Structure formats: structure tokens, C-alpha cells
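Heads up: the sequence lines are chains A and B, in that order. Going from the first sequence to my numbering is simple: count from 1 and add 59. Going from the second sequence to my numbering is simple: count from 1 and add 193. The C-beta atom is built at its ideal place from N, Cα and C for all residues, glycine as well. Remember, it's a predicted structure, so these values are computed and weren't measured experimentally.
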Amino acid sequence: MKWLGNQLKNAIKQAQKTQESFANDINVSRVTVSAWIKGQVPRGIELMKICRNLGMSPDLFFEDDVAFSCPRHRPKAHAKITESRQHLAEQMITSFHDVFRGNFSNMLTPSLSYTRDSDPARLAKELRERSGLVGDGPLRLQDVFNLAKYLGIFIVPIPFDPELKSSALYTFIDHHNKVIFIDNQTFLLDLVYFILHEICHAIINNTSNDYDDKEEEFCEKTAGLAQYSDCYVQKIYSMIKLKGRYKGAVVNLLKEYSVKNHHSLFGIAKAIDIMYGTEWGGIVAPATTKMKKENQATNNLESLLLSQDNPHDFLRRFKSISPLYLDQVILKKYQSVTDRRLSELFGLANVLDGNDMRKELERYEDAIQTGCPY
Amino acid sequence: MRSRQVVLTDTCAVIMLLRIAPDMFHREEYGCVMSFHVYEEFVKKKKFLEKYSWRPLFQKHLRAEILPGHLNKDNLYRDVLGVVKKYQARYGLSKEDCEIVAIALHMNFDFCSGDSNLLAFAREQFDLKTLSALELLNDWLENGILGWTDEAQAILNDWILKEERRQPSKQIERFERLTRRKYPE
């Protein structure tokens, strides 16, 4: 937040006071008022007196000075892009400005050169390679986290407002920080696709906030192709053909593979539909909804993190998900934020004890500095 | 000796003091109040707080006098909160931190917390009278509201075992003078 000293000058004038009389009113010296006008930020108690005396909101004296993008992306389940959703997304992003402000630690990272007009298959192939995945299997959650790390993208897992109708959101903060916020309440099996989709946006890095249909199509296609290799889709399809026409048996088979290989049931059905012109996406939809309902509460990132029994294991698990955010952001800030804010930074406000985490972060930092294993 | 004043106690302070003074929110002499934020944080299952397994037994001693209904309708409180929030990013505060400090300011309470960053903010920006958990305990001892017992001393030992926030050395000296007991290390 930037203090606008000039606004104070204008406000005093508007109130038809002199700077001296205003200073007397609020019991400070004229020199102090002059310093505020020149840019010195008043203390909170002084700001209260300023606002009461002039009858003005404190909002008038500050502006947000951290640049960020908040692109309009397609929400899930064909929900509409609305101004209120956009506002919610902006609020979510600005609540993290303080932690990314002035962070230049990620400037030297590999830059993949793709645009929305590039070949999705080419980018998909490169993403699979860069994730470190070996073989033809589907990309798993850890592969995607490894990919984000490689590309220098910060992953911030926090609870989303359900009204956002989104599970992941890419933003570019303070000119240097590519950040993907992910909803830590999203069903784990669905998360791979959503993160991949936002990674594609991050690679294109279109800083305009306008909705771009072509970019959305590109990211959707690339994410699908990256998540499931052609070989994997072919293999699953050949298994389906063996099951014949029994829809129930096919749905169960797809469910089995989803759970075994940690991917979305709907996602693999859609990949088969795209390759073979089938319509399994619609057929598996009820099973997908049922699976989510039965498992979402216990099968999301929050529950995964909270399944750890002690702060040490919790931090190790968090590091596997978001190493850049932990090492380059949280470690730099944890001593200067309150306990509650610290647990907010982990996306677990009111659930995680900030004091416990602070002590654990001290141990973690010591281990890094001394080169000892953590 | 500090003059009597109502003290808004934060969650970390409640956790440290409640077993020593279960009546702290029920007897006026203690001069303590808490907000609904603190009540919710105390009762909600928090990760790694299994170390405070005694919490359910002491829940009945809590009393949240300051409720959201009171605050939401209070324009003056909302004005104060608006000012506090302007410093939120600079001091690394959460939304609840801002609301709690705004309550203390608006209602002219002193503020007791274990979070030194939060205390520093309240003091530096708003001249709020802030105190650590041990300072509040010392005030009770000095005013004769509380007598010191072996059980209370054991709870103090527990502060150290559970790695509670380090208390100011001046207050440690004061405690030892008042109780003629050694503050645990």
C-alpha cells in the first residue's frame, strides 16, 4: 500500500483549513503534517485522528502499488465469467501481495517460448519431458509440482471461495513472480489437469486481463495432451473395447484406472472421446460426481498435508508440493509475520498453529544453513 | 503496579493462563475479556495442538463477550478496522489479527498476546498498552487476585516443555520476586 501524501494536502484544503490549524486540531506539529504530505506514512493512531478530523475514509490516502495480472479464465463447470468472480479473484491475489512484493529470487528460470498459436502437442511433449516423468503413464500430481518448480512457478495452496468456481488461478505479481494459486479443497484426482492448464497460461504469460478464447482452447488442449500420453489413452481404450457394451463395466474399469494411476475419471474419458470420437465423458459424469462426493473431504491437498502427525513431516510434505514458495517466500517472511498470518501463508488459517510452524521453520532454516539433512 | 484496566486476551495467552486461572473470564477482578475469534480458535481442532489435550476440559471456562453481531453494526468499530487494515501488509497481519487489534482500540482495552509481532504492531502504530502473558499473571499476583501454588508452578514448567513463547526477562525477575520461586528454564 502506498501512502498518498498529496491526497492529505488536498483534503486539508477541501476542508477549508490551513495545515497549521489542522495540525492543532489533531495535536501534532505543523512540521509533522508537512512530513506526511511529503510522503512520510503517519502512524496508525495519527491516521485515525486524520480520518476523524477530515471525515474521510483511510482508503482515500492509500493506493495499491503492487502490479499484478488477474486474467479472466474459464471457470469450471461452464460457470459464467462475472465481475463478482473477477473481484473475488483479485481480492485473493492482493491478499498475497505483501509476500511477493520485491521478490526477485526467481528471475533466472527456464523460459519456454510458446504462444497460443503454437502446436499444443509440441508443448505437451515438452511438459512431459520437463516434469521428469519416465514412460507413457499419466502425469501425476508430484510430476506437475516438479514441473512448476522447474519452470520457476510458485504454487500457493489455499482454500478458494466456492463462488470463484475455479480450482487453480495463474497470476503474475510484481513484474517477476509467476504464481499459481490452487484450491487446497479440490479433489486430488482432478488437480493435475487444473494445474497443468494454469502452467500453460504461465508459459504464455499474457499479462492482459481480458478473456482470450483461443488461449483457453490452447491451454485446454495442451493440458489434456500432456496429462495423458497417446499410448496410455490407446491402452485404456483397448481395455474398454474388451469389456464390450456394458457401460457399468466400462465405468468401473475407468474408475479403477483413475484411482490406480491418480487421475481424474472424467479426464481420461474425455481424452478417449477426443481420440476416438466416443461419448464416454457424458456417461462417466454421474460416477465422477459420486466419487468426488464420497472422497473430496478426505482427498484434497489440505487433508493430505494435515495427515502428517508432526510439524517436521508436515513441512517435508509441503516442500514436496511447493518448494519454491517455501524456500524463497515463506522462509524470508516467517520471522516478520504474526502466527495467524503464517498459518494463512500455508493455506491453513485457523487450523495450523503458527507458533509450532515458526519453530519448525527455524529448525528447517538451520538445517539449510548448516548443510545438515532435514 | 499497573492500574486496573480491562485486558483483551489473545488465544496464545488464554492457552497459557487458563489452567492457572480458570475464572479469568468470570471474575471481574481478573479484568479479562475475549472475542469470538479467540473462542473459535480455542475450541477448533488445530493441527499439532494435540499437545493441549486439556482444552476440551477447560472449554466451559471460556466466555466470548465480544461477538460478531455487536461489531458488524458498529460504524465506529468499522472505521477503526479500516485504519488498522492499512497497516496489515506492512506488519504481516492476518484478517483476524486486524479485527482483534481493532476491538482493543475501539473498546479502549489493553491487549495481551503471546505473539510478539502482533504486540509490536499494536504498540508501535496505535500506542496500545500491551502485555505478555507473564506480565498479566504478575499483575494478578501483585493485586492478590491469585495465590501461587505447586499446581500453578507445574503449569509454568509446562510452558517451557511445550515451547511457549519466551517471556520478557523483566517479568521473569518480577515473577521470582513476587512468588519467591524460580521461573523454570
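Here the segment 225-239 of chain B lies against the segment 256-267 of chain B, with 3 or more beta-carbon pairs under 8 angstroms apart. Proximity of arginine 181 (chain A) to chain B, defined by a Cβ-Cβ separation below 8 angstroms, is not satisfied.
In the displayed model, methionine 60 (chain A) falls within coil according to three-state DSSP, outside both helix and strand. Apart from sequence neighbours up to five positions away, the residues of its chain that approach threonine 204 (chain B) with a beta-carbon distance below 7 angstroms are Val231, Glu234 and Phe235, ordered along the chain. For aspartate 308 (chain B), the chain A residues whose C-beta falls within less than 9 angstroms of its own C-beta are Thr397, Asp398, Arg399, Gly413 and Asn414, listed in chain order. For tyrosine 229 (chain A), no alpha helix (DSSP H) run applies; the uninterrupted beta strand (DSSP E) run containing it begins and ends at 227-232, by DSSP. Per the coordinates, the alpha-carbon of tyrosine 229 (chain A) lies some 60 angstroms from the alpha-carbon of arginine 373 (chain B). In this structure, DSSP gives cysteine 205 (chain B) a helical state, which the three-state scheme calls helix. Within the segment 82-114 of chain A, contact with chain B at the beta-carbon level (separation under 7 angstroms) is assigned to Arg102, Gly103, Ile104, Leu106, Met107 and Cys110. Against chain B, the CB of phenylalanine 219 (chain A) has no partner CB under 8 angstroms away; the residue lies outside that interface.
The continuous beta strand (DSSP E) containing asparagine 236 (chain A) extends over residues 236-242. For glutamate 243 (chain B), the closest C-alpha among the options A:Gly336, A:Ile342, A:Met107 and A:Pro370 is that of A:Pro370. The three-state secondary structure of asparagine 268 (chain B), taken from DSSP, is helix. Comparing alpha carbon positions, the residue from B:Asp272, B:His219, B:Val277 and B:Arg271 closest to phenylalanine 251 (chain B) is B:His219.
Here valine 158 (chain A) carries a helix assignment [DSSP, helix/strand/coil]. Rounded to whole angstroms, the gap between the alpha carbons of glutamate 79 (chain A) and leucine 119 (chain A) is 21 angstroms. Following the DSSP letters along the chain, one finds methionine 227 (chain B) inside the beta strand (DSSP E) bounded by residues 225-228. With a threshold of 8 angstroms between beta carbons, valine 236 (chain B) makes no contact with chain A. Considered as a whole, the segment 67-151 of chain A harbours 78-84, 89-96 and 103-113 as its complete alpha helix (DSSP H) runs of no fewer than 4 residues, in chain order. Under the three-state reduction of DSSP, alanine 282 (chain B) is assigned to coil, being neither helix nor strand.
Looking at A:Pro169, A:Gly413 and A:Phe159, the one whose alpha-carbon comes closest to that of aspartate 124 (chain A) is A:Phe159.
Phenylalanine 302 (chain B) sits in coil when the DSSP states are folded into three classes, being neither helix nor strand.
Residue-level contact check: valine 231 (chain B) does not touch chain A, since none of the beta carbons of chain A fall below 8 angstroms from its beta carbon. Within the same chain, Pro179 come within 6 angstroms of lysine 280 (chain A) by CB-CB distance, once the 5 residues on both sides are set aside. For tyrosine 270 (chain B), not one C-beta of chain A is nearer than 8 angstroms to its own C-beta. Distance from threonine 266 (chain A) to phenylalanine 219 (chain A) at the Cβ level is roughly 22 angstroms; contact not present, criterion being Cβ atoms closer than 8 angstroms. Apart from sequence neighbours up to five positions away, the residues of its chain that approach alanine 261 (chain A) with a beta-carbon distance below 6 angstroms are Ile212, Tyr229 and Lys237, ordered along the chain. Not flagged as an interface residue toward chain A: glutamate 366 (chain B), since no C-beta distance is shorter than 8 angstroms. Threonine 323 (chain B) counts as buried, since no fewer than 16 other beta carbons sit within 10 angstroms of its beta carbon. Counting along the chain, the unbroken alpha helix (DSSP H) around glutamate 328 (chain B) starts and ends at 326-335. Between arginine 375 (chain A) and phenylalanine 277 (chain A), the C-beta spacing is not below 8 angstroms.
Counting every other CB atom within 10 Å of its CB across the protein chains shown gives arginine 316 (chain B) a total below 16, marking it as exposed. Bridge pairing for threonine 323 (chain B): B:Phe304 [DSSP]. Within the same chain, Leu298 come within 6 angstroms of phenylalanine 319 (chain B) by CB-CB distance, once the 5 residues on both sides are set aside. Distance check between alanine 206 (chain B) and each of B:Leu327, B:Gly275 and B:Arg248 places B:Leu327 closest, using alpha-carbon atoms only.
In the structure shown, the three-state DSSP call for glutamate 317 (chain B) is helix.
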